[in-house]
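Q:
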Amino acid sequence: MKKLLFATAALFALTMIGCSGKSAGTKVIENEDGSISITRVDEDGKAVQYGKKYDGFDDVTIVKLGTTTKTNPISISLADYKDKDLLMELSCDMKVVDSTGKENEITWMVNEIDENFPQLYREYLKSDEWTKVSGRAIIHLGENRQFYLSGAGLAKENITVYLKNFRLKLSGEGIGSQEVVRKTWLEVPSLKEAYKDYFDYFGLAISKEDLDSLKVQEGLKVHADSITMGNEFKPDFMFNWTQPTKFEDFTGENGKTYKVPYWLPGFNRADACLKLCKDLGLKMRGHVLVWHSQTPWWFFVEDYGEGDYYVDTDEMNARMEWYIKTIMDHVAEWEKKNNNGEHIITSWDVVNEVCSDTANDTNWLRGEEKSEWMKVYEDDSYIVNAFRYANKYAPKDVELVYNDYGCSSPHKLKGILKIIDAIQANPEARIDAMGMQSHVRMKTAVTGPNSFESAVQAFIDKGLNVQITELDIANAQDAYSSIRLKAKYAEFFEMFIKNRKTADHKGIEGVTIWGLNDENTWLNSQQEYKGTTQYPLLFETRDFFVKPAFYGVLEAAE
Numbered sequence: 002m003k004k005l006l007f008a009t010a011a012l013f014a015l016t017m018i019g020c021s022g023k024s025a026g027t028k029v030i031e032n033e034d035g036s037i038s039i040t041r042v043d044e045d046g047k048a049v050q051y052g053k054k055y056d057g058f059d060d061v062t063i064v065k066l067g068t069t070t071k072t073n074p075i076s077i078s079l080a081d082y083k084d085k086d087l088l089m090e091l092s093c094d095m096k097v098v099d100s101t102g103k104e105n106e107i108t109w110m111v112n113e114i115d116e117n118f119p120q121l122y123r124e125y126l127k128s129d130e131w132t133k134v135s136g137r138a139i140i141h142l143g144e145n146r147q148f149y150l151s152g153a154g155l156a157k158e159n160i161t162v163y164l165k166n167f168r169l170k171l172s173g174e175g176i177g178s179q180e181v182v183r184k185t186w187l188e189v190p191s192l193k194e195a196y197k198d199y200f201d202y203f204g205l206a207i208s209k210e211d212l213d214s215l216k217v218q219e220g221l222k223v224h225a226d227s228i229t230m231g232n233e234f235k236p237d238f239m240f241n242w243t244q245p246t247k248f249e250d251f252t253g254e255n256g257k258t259y260k261v262p263y264w265l266p267g268f269n270r271a272d273a274c275l276k277l278c279k280d281l282g283l284k285m286r287g288h289v290l291v292w293h294s295q296t297p298w299w300f301f302v303e304d305y306g307e308g309d310y311y312v313d314t315d316e317m318n319a320r321m322e323w324y325i326k327t328i329m330d331h332v333a334e335w336e337k338k339n340n341n342g343e344h345i346i347t348s349w350d351v352v353n354e355v356c357s358d359t360a361n362d363t364n365w366l367r368g369e370e371k372s373e374w375m376k377v378y379e380d381d382s383y384i385v386n387a388f389r390y391a392n393k394y395a396p397k398d399v400e401l402v403y404n405d406y407g408c409s410s411p412h413k414l415k416g417i418l419k420i421i422d423a424i425q426a427n428p429e430a431r432i433d434a435m436g437m438q439s440h441v442r443m444k445t446a447v448t449g450p451n452s453f454e455s456a457v458q459a460f461i462d463k464g465l466n467v468q469i470t471e472l473d474i475a476n477a478q479d480a481y482s483s484i485r486l487k488a489k490y491a492e493f494f495e496m497f498i499k500n501r502k503t504a505d506h507k508g509i510e511g512v513t514i515w516g517l518n519d520e521n522t523w524l525n526s527q528q529e530y531k532g533t534t535q536y537p538l539l540f541e542t543r544d545f546f547v548k549p550a551f552y553g554v555l556e557a558a559e
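Residue numbering for the sequence shown is 2 to 559, as defined by the numbering used here.
1. Identify the continuous beta strand (DSSP E) that holds VAL61 and give its terminal residues.
2. Measure the alpha-carbon distance for TYR149 versus ILE107 and round it to whole angstroms.
3. Just to confirm the assignment: which complete alpha helix (DSSP H) runs, minimum length 4, are found wholly within the stretch 51-117?
4. Which whole-angstrom value is the C-beta distance of LYS260 and PHE248, which I expect to be below 8 Å?
5. So PRO262 is in the beta strand (DSSP E); what residue range does that whole segment cover?
6. Please report the straight-line C-alpha distance between ARG137 and VAL289, rounded to a whole angstrom.
7. When you compare each of TYR122, GLY516, GLU158, GLY143 to VAL98 by their alpha carbons, which one comes out closest?
8. Excluding sequence positions up to five away, which residues of its chain have a Cβ less than 7 Å from the Cβ of VAL562?
9. Between which two residues does the beta strand (DSSP E) harbouring HIS141 extend?
10. Please report the Cβ distance between PHE203 and LEU192, rounded to the nearest whole angstrom; I am assuming they are in contact, meaning their Cβ atoms lie under 8 Å.
11. Does GLU338 come out as helix, strand or coil in the three-state DSSP assignment?
12. Taking the C-alpha atoms as reference points, what is the distance between LYS209 and GLU233?
13. Would you mind sorting ARG123 into buried or exposed? The rule is 16 or more other CB atoms within 10 Å of its CB.
14. What does a CB cutoff of less than 8 Å around ILE139 pick up in its chain, not counting 5 residues either side in sequence?
15. How is LYS284 classed by DSSP in three states: helix, strand or coil?
16. Which word fits ARG183, buried or exposed, when buried means at least 16 other C-beta atoms lie within 10 angstroms of its C-beta?
17. Please say whether ILE39 and LEU169 have beta carbons closer to each other than 7 Å?
18. Assign HIS293 to one of three DSSP states: helix, strand, or coil.
19. Write down the C-beta distance between GLU1 and HIS293 rounded to the nearest angstrom, noting that I regard them as a contact closer than 8 Å.
20. Helix, strand or coil for ALA1, going by three-state DSSP, please let me know.
21. I'd like the span of the beta strand (DSSP E) that includes GLN468, first residue to last.
22. Just the C-alpha distance for GLY553 and MET317, rounded to the nearest angstrom, thanks.
23. Which of the three DSSP states, helix, strand or coil, is assigned to GLY204?
24. CA-CA distance, PRO428 and TYR383?
25. By Cβ distance, which residues of its chain are closer than 7 Å to MET375, with the 5 residues on each side in sequence left out?
26. Could you give the DSSP three-state label for SER372: helix, strand or coil?
27. Which residues mark the beginning and the end of the beta strand (DSSP E) in which ILE498 is found?
28. Please go through the same chain and pick out, in chain order, the residues whose beta-carbon is closer than 7 Å to the beta-carbon of GLU495, but skip the five residues on each side of it.
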């Protein structure tokens, strides 16, 4: 069949090959997004009658089960979709009339052996009542599969089934005969508009190079309220990878005077990011103040690298306080001078990734072998101090956040909760939200015991809001499936909406996707994914064609 390009919202209808000309009505509808909608079941001689008037409706399908020759009386062949991943969505109005008045268990399912005969719908229906039927499942199909109404347990000789508004929608790669016109992120609905009634912001993580691109700026204005700079506000960038040579005095909280750098040369880069945010009407999450990584080693050493030993905790406290104060003061001054005092940066990741991946009841902090901070402090006091200093110098309406990954791991979750307890126990410290990085996988449990949602609710129970700060979904070692990624994004966002912040309840207040497109995702640089390309985001390449995953996010809001 010749492929056609089209870009209208109209649906293209055709008759399925092998369909008898005796039956009225459309068999298959090809949708603009590449999916197909099957709008009537397969013929079965005299058992199936289409387009009948019944109960005041003009287009009812009537199936007399007693005259069918099939074990499963109502079916649709899926043979054309062998070896494909399909999202199957069933919807119809259904009446089951049993001459004995008995209610019957109705099951719509697929005979896919490898997936244990998945069911889209299974309920007991009373006789002679219209019921709205709906269900969905993602299935990888084998050979000669069928979607059908199971005949198991049905006394077919007593039963007539009536169907109206029948629709089985199949979504997946390459299932329709139409070549879908791909759309860019400027040609699709806005994500930030879709989520404006659910969250305070919808965000994207970017680099300074991204932010300088006119093409990126156009897309950000459509889809984002907020951005997170991937690197530009981290300590290495703020110091500009340069050991300081000019110093001034700073008085620590112990009353002693310590030598601190005269200036942070990275402010020039940071200020350029703030200006672009202002020009584009965007807010920003500040990322990050205190982190074991991308922080220069000499920051922890006597004379800023000229000495032989790590400084003591008093001097390190002074350096940390100076660093946090310097950044907070500079941003506040920039906002006052350039934005009428209105905040560009609305929250800060004060501390990042200090919980151990092997956290237990006695040891839950990242160890000295991985953290210069722990080599100086050997305990969690530096974490608490960071939140003390941030609270001292940050505006009170700017949120202070602890940010970490792997939050749904039960052991790590316990460790993170201990860190939160320590911060909340100090009256001079302030923590407003938990940042859940959310570098998840297709097999990550979204709901249920020990799931991502369990962690969300544990943080809410601590009196914190939650920010989803770095969301991407890896296919890991599995082959990429666009339809499965779409469903996974939809599953996550449905859970996010369910647990959103409200006027009288803490909850998720915003979501940031970690990266702009698959072509540049950081995941493909990770050793754990070597050998399998990752496709974790909503847009494909630098041309920003939207993926099915984009529509999964959009549809979750709808």
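Idealized CB from N, CA, C, for every residue including glycine. Please read these numbers as outputs of a predicted model, since none were measured by experiment.
A: In this structure, then:
1. What you label residue 61 is simply residue 60 of the sequence shown in a count that begins at 1. Per DSSP, VAL61 belongs to the beta strand (DSSP E) from 58-65.
2. Position 148 of the sequence shown, counted from the start, is the residue given in the question as residue 149. Position 106 of the sequence shown, counted from the start, is the residue given in the question as residue 107. Across the structure, TYR149 and ILE107 are spaced so that their CA atoms are roughly 11 Å apart.
3. none
4. Taking the sequence shown and counting its residues from 1, one reaches residue 260 at position 259. Taking the sequence shown and counting its residues from 1, one reaches residue 248 at position 247. Yes, LYS260 and PHE248 are in contact; Cβ-Cβ is about 5 Å, under 8 Å.
5. Position 261 of the sequence shown, counted from the start, is the residue given in the question as residue 262. It spans 258-262 - the beta strand (DSSP E) in which PRO262 sits, taken as one unbroken run.
6. The sequence position of residue 137 within the sequence shown is 136, counting from 1. The sequence position of residue 289 within the sequence shown is 288, counting from 1. In a straight line, the C-alpha of ARG137 is about 41 Å away from that of VAL289.
7. Along the sequence shown, read from residue 1 onward, the residue named residue 98 stands at position 97. Selected option, being the one with the closest Cα: GLU158.
8. Given a span of 2 to 559 for the chain in the structure shown, any question on residue 562 remains unanswerable.
9. Residue mapping note: residue 141 aligns to position 140 of the sequence shown, counting from 1. Where HIS141 is concerned, the enclosing beta strand (DSSP E) stretches over 131-141.
10. Residue numbering aside, residue 203 sits at position 202 when the sequence shown is read from its first letter. Residue numbering aside, residue 192 sits at position 191 when the sequence shown is read from its first letter. Yes, PHE203 and LEU192 are in contact; Cβ-Cβ is about 5 Å, under 8 Å.
11. On the sequence shown, position 337 is the one that residue 338 refers to. Per the sequence presented here, residue 338 reads as Lys, with Glu not at that position. Residue state, collapsed to three classes: helix.
12. Here residue 209 corresponds to residue number 208 of the sequence shown, with the count starting at 1. Here residue 233 corresponds to residue number 232 of the sequence shown, with the count starting at 1. Computed Cα separation, rounded: 7 Å.
13. Position 122 of the sequence shown, counting from 1, holds the residue named residue 123. ARG123 should be labelled exposed.
14. In the sequence shown, counting from the first residue as 1, residue 139 sits at position 138. ASP86, LEU87, LEU88, MET89, ILE484, ARG485, ALA488.
15. Taking the first residue of the sequence shown as 1, we reach residue 284 at position 283. If DSSP states are grouped into helix, strand and coil, LYS284 belongs with the strands.
16. Along the sequence shown, one-based indexing puts residue 183 at 182. Counting Cβ neighbours within 10 Å, ARG183 comes out exposed, since fewer than 16 surround it.
17. Here residue 169 corresponds to residue number 168 of the sequence shown, with the count starting at 1. Here residue 39 corresponds to residue number 38 of the sequence shown, with the count starting at 1. Closer than 7 Å, so yes.
18. On the sequence shown, position 292 is the one that residue 293 refers to. Of the three classes helix, strand and coil, the one that applies to HIS293 here is coil, per DSSP.
19. As shown, the chain starts at 2 and ends at 559. That puts residue 1 outside it, with no answer to give.
20. Residue 1 lies beyond the residue range present for the chain, which begins at 2 and ends at 559; the question has no answer from this structure.
21. Working through the sequence shown from its first residue, we reach residue 468 at position 467. Its beta strand (DSSP E) spans residues 466-475.
22. Within the sequence shown, residue 553 is the residue found at index 552, counting from 1. Within the sequence shown, residue 317 is the residue found at index 316, counting from 1. Their backbone Cα atoms lie some 47 Å apart in a straight line.
23. As a working note, residue 204 is residue 203 in the sequence shown. Reduced to three states, the DSSP call for GLY204 is strand.
24. Counting from 1 along the sequence shown, the entry for residue 428 is found at position 427. Counting from 1 along the sequence shown, the entry for residue 383 is found at position 382. Their Cα atoms are separated by approximately 15 Å.
25. Position 374 of the sequence shown holds residue 375. Correct list, in chain order: LEU366, ARG367, GLY368, GLU369.
26. Reading the sequence shown from its first residue, position 371 is the one you call residue 372. Coil at SER372, not helix or strand.
27. Looking up residue 498 in the sequence shown gives position 497. Element bounds for ILE498: not the beta strand (DSSP E) but the alpha helix (DSSP H), 483-499.
28. Locating residue 495 in the sequence shown gives position 494, counting from the first residue. So the list reads ALA557, once near-sequence residues are dropped.
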